[in-house]
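Asker:
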Amino acid sequence: SFQTAETSDFRKVFEKLYGVSLERFFHDWTERNGHPQLKIKTTYQADEGFVKVEVEQTQKEEAFHFPLTIELTNTDDSGQPTKITPFLKEKKQTFLIPVKQRPELVRIDPDFTLLAEIDEEKSRSWWAAQLMRAPSVPERLRAVEHFGKSHETADQALLIECLEKDDFYAVRAEIAKVLGKKKNEECRKALLVGTQQSDPRVRRACVAALSHFESDALVETKLKEKHNQGDPSYYVEAEIVDALAKITKTPDWELLTSSLKKDSHRDVIRTKALDGLARCSDVEALNTITEWTKHGHSRTARMAAMNALASSLKRHQFPKAKQTACVKLLSEYLDEPGPRIRRAAIQALAEIPQFAKDEKGQIATMAEHDADGRVRVAAEAAVKKFEQTQSSSSQVQKLQTELQQLKDQYKKIEEKLKQLETKKQ
Numbered sequence: 055s056f057q058t059a060e061t062s063d064f065r066k067v068f069e070k071l072y073g074v075s076l077e078r079f080f081h082d083w084t085e086r087n088g089h090p091q092l093k094i095k096t097t098y099q100a101d102e103g104f105v106k107v108e109v110e111q112t113q114k115e116e117a118f119h120f121p122l123t124i125e126l127t128n129t130d131d132s133g134q135p136t137k138i139t140p141f142l143k144e145k146k147q148t149f150l151i152p153v154k155q156r157p158e159l160v161r162i163d164p165d166f167t168l169l170a171e172i173d174e175e176k177s178r179s180w181w182a183a184q185l186m187r188a189p190s191v192p193e194r195l196r197a198v199e200h201f202g203k204s205h206e207t208a209d210q211a212l213l214i215e216c217l218e219k220d221d222f223y224a225v226r227a228e229i230a231k232v233l234g235k236k237k238n239e240e241c242r243k244a245l246l247v248g249t250q251q252s253d254p255r256v257r258r259a260c261v262a263a264l265s266h267f268e269s270d271a272l273v274e275t276k277l278k279e280k281h282n283q284g285d286p287s288y289y290v291e292a293e294i295v296d297a298l299a300k301i302t303k304t305p306d307w308e309l310l311t312s313s314l315k316k317d318s319h320r321d322v323i324r325t326k327a328l329d330g331l332a333r334c335s336d337v338e339a340l341n342t343i344t345e346w347t348k349h350g351h352s353r354t355a356r357m358a359a360m361n362a363l364a365s366s367l368k369r370h371q372f373p374k375a376k377q378t379a380c381v382k383l384l385s386e387y388l389d390e391p392g393p394r395i396r397r398a399a400i401q402a403l404a405e406i407p408q409f410a411k412d413e414k415g416q417i418a419t420m421a422e423h424d425a426d427g428r429v430r431v432a433a434e435a436a437v438k439k440f441e442q443t444q445s446s447s448s449q450v451q452k453l454q455t456e457l458q459q460l461k462d463q464y465k466k467i468e469e470k471l472k473q474l475e476t477k478k479q
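In terms of the numbering used here, the sequence shown opens at residue 55 and continues consecutively.
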């Protein structure tokens, strides 16, 4: 005891305890790179009375050795699931499972004990059953992901139904995210209804999904109505502010500035309002953001304002004097006593390296000597961004120079050709 030990010593202890060799297990899971990538195809062979499961390990490396649990439900009148746990050793293996009737559910690794990427291929009815009735949340989320890739109307309708009926909020929230990306009328209708659900986490997800419906007058009207009514959850209100800023061509100045006056948990409403102001192209919005970076406001709000200030400078063209003043203000915060403010200032400057070249030296010094480890990490990342930007700009400049040289050469060749033609005449 109290001596240096290696992984092999750890393995030997377990081998002694269990009486089996664990060399292959430790090779797969502690010594080699990667993890199993499985492509699994399941089909029901009604004439033969079995379910066929084809398993392929698609990773480039050799096959992993591990047990894979496959569970089929309602395969006979007993109501008990049929479960097998074959031990995989090859890149391709096929298993035939005898059944008396078509299974209701096909569950691959139902307890999620395997560290692997699983790509399943099976009939739509099995996927639908998994979405509607699978006992575990991860299985239902996997089904949501599957149907989210589909463009079929029936699959979309199934997701909309589960947005209303699933027992667990996270499944409904994930469905909302998927429906938001589809951006059609039926999804819009379902998401607007979803903003009235009892769970605030689902309401928030539905509002966030509606932010994909840019320039949609109905969504804008409904969200403004909901904003005026208010919501019991600060986070839902914050998401409404954010969504309205994203979907409107010109963010509502009055709505955003009034939101700055609202206190909330961790200043979530103010944070979203400041993000929204960063989408405004006028100097007045920039001035408002600038004021919120200063002392007299909460630390969270100041940090959000610094981020919004950098975002605004990236998005819009302002007078050079204004850009310089904003960068100077952010650089002053590098000397703040609070490490979180220093880190926020570093991250903001790193987002606008084209304007903050002169601050690179101070940030590099902070990467070496700042008392706070998180500030040093942020400074190191910022220095890398500065260097990448500098490298990119120098490469662009080099290409521009080479292009100009080619143009000059082409012009000279044209002139020589004209001279030759003149001599011939």
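The beta carbon of each residue, even a glycine, is placed where N, CA and C say it ideally should be.
Any chance you could list the alpha helix (DSSP H) runs of at least 4 consecutive residues sitting entirely within the segment 408-441, in chain order?
Answerer: Taking only runs of at least 4 residues, the alpha helix (DSSP H) segments lying wholly in the segment 408-441 are 414-423.
Asker: For the alpha helix (DSSP H) containing ARG353, list its first residue and its last residue.
Answerer: Counting along the chain, the alpha helix (DSSP H) containing ARG353 begins and ends at 353-369.
Asker: Just how far apart, CA to CA, sit GLY248 and SER179?
Answerer: Those two C-alpha atoms are separated by around 26 Å.
Asker: Report back the beta-carbon spacing between THR136 and LEU126 to the nearest angstrom; my notes put them in contact at under 8 Å.
Answerer: That belief holds up - the Cβ atoms of THR136 and LEU126 are roughly 5 Å apart, short of 8 Å.
Asker: Which term fits ALA100, buried or exposed, when burial requires 16 or more other beta carbons within 10 angstroms of its beta carbon?
Answerer: When all chains shown are included, ALA100 counts as exposed.
Asker: Tell whether a beta-carbon distance below 8 Å holds between VAL109 and VAL153.
Answerer: Result no, Cβ atoms of VAL109 and VAL153 do not sit closer than 8 Å.
Asker: What does VAL109 pair with, by DSSP beta-bridge criteria?
Answerer: Its beta-bridge partners are ILE94, GLN147.
Asker: Report yes if the C-beta distance between LEU122 and ASP173 is below 8 Å; otherwise report no.
Answerer: Cβ distance not < 8 Å, so LEU122 and ASP173 don't count as in contact.
Asker: So, MET360 versus LEU384, is the Cβ gap smaller than 8 Å?
Answerer: Yes.
Asker: With the cut-off set at 8 Å, would you say LYS303 and HIS266 are in Cβ contact?
Answerer: Their beta carbons are not under 8 Å apart, which means LYS303 does not touch HIS266 by this criterion.
Asker: Decide if the segment 290-299 is in contact with the segment 251-262; the criterion is three or more beta carbon pairs, one per stretch, under 8 Å apart.
Answerer: Yes: at least three Cβ pairs fall under 8 Å.
Asker: Between the beta-carbon of THR275 and the beta-carbon of ASP321, is there less than 8 Å?
Answerer: Cβ distance not < 8 Å, so THR275 and ASP321 don't count as in contact.
Asker: Hey, ALA404 and ALA421 are a contact pair by Cβ (cut 8 Å); roughly how many whole angstroms apart?
Answerer: 11 Å between Cβ atoms; not a contact.
Asker: Could you compute how far the alpha carbon of THR58 sits from the alpha carbon of THR342?
Answerer: Answer to the nearest angstrom: the Cα atoms are 59 Å apart.
Asker: Identify which residue in ARG324, PHE56, GLU171, GLU102 has its Cα closest to the Cα of GLN113.
Answerer: Ranking ARG324, PHE56, GLU171, GLU102 by Cα distance to GLN113 puts GLU171 first.
Asker: Check ILE138 in the structure and name its three-state DSSP category.
Answerer: Reduced to three states, the DSSP call for ILE138 is strand.
Asker: What number of angstroms, rounded off, separates the C-alpha of ALA297 from the C-alpha of GLN155?
Answerer: Answer to the nearest angstrom: the Cα atoms are 49 Å apart.
Asker: By Cβ distance below 7 Å, which residues in the same chain neighbour ASP481 in space, the five residues on each side in sequence not counted?
Answerer: Because the chain here runs from 55 to 479, residue 481 falls outside it and cannot be looked at.
Asker: Ends of the beta strand (DSSP E) at VAL153?
Answerer: Taken as a continuous stretch (DSSP letters only), VAL153 belongs to no beta strand (DSSP E), as it is neither H nor E.
Asker: Between PRO393 and LEU185, what straight-line distance do the alpha-carbon atoms span, to the nearest angstrom?
Answerer: Their backbone Cα atoms lie some 46 Å apart in a straight line.
Asker: Can you say whether GLN250 is buried or exposed, counting buried as having 16 or more other CB atoms within 10 angstroms of its CB?
Answerer: Per the 10 Å Cβ criterion, exposed.
Asker: Measure the C-alpha to C-alpha separation of PHE80 and LEU460 and round it to an integer number of angstroms.
Answerer: When rounded, the distance between both Cα atoms is 60 Å.
Asker: Helix, strand or coil, according to DSSP, for PRO192 in the structure here?
Answerer: In this structure, PRO192 counts as helix in the three-state DSSP scheme.
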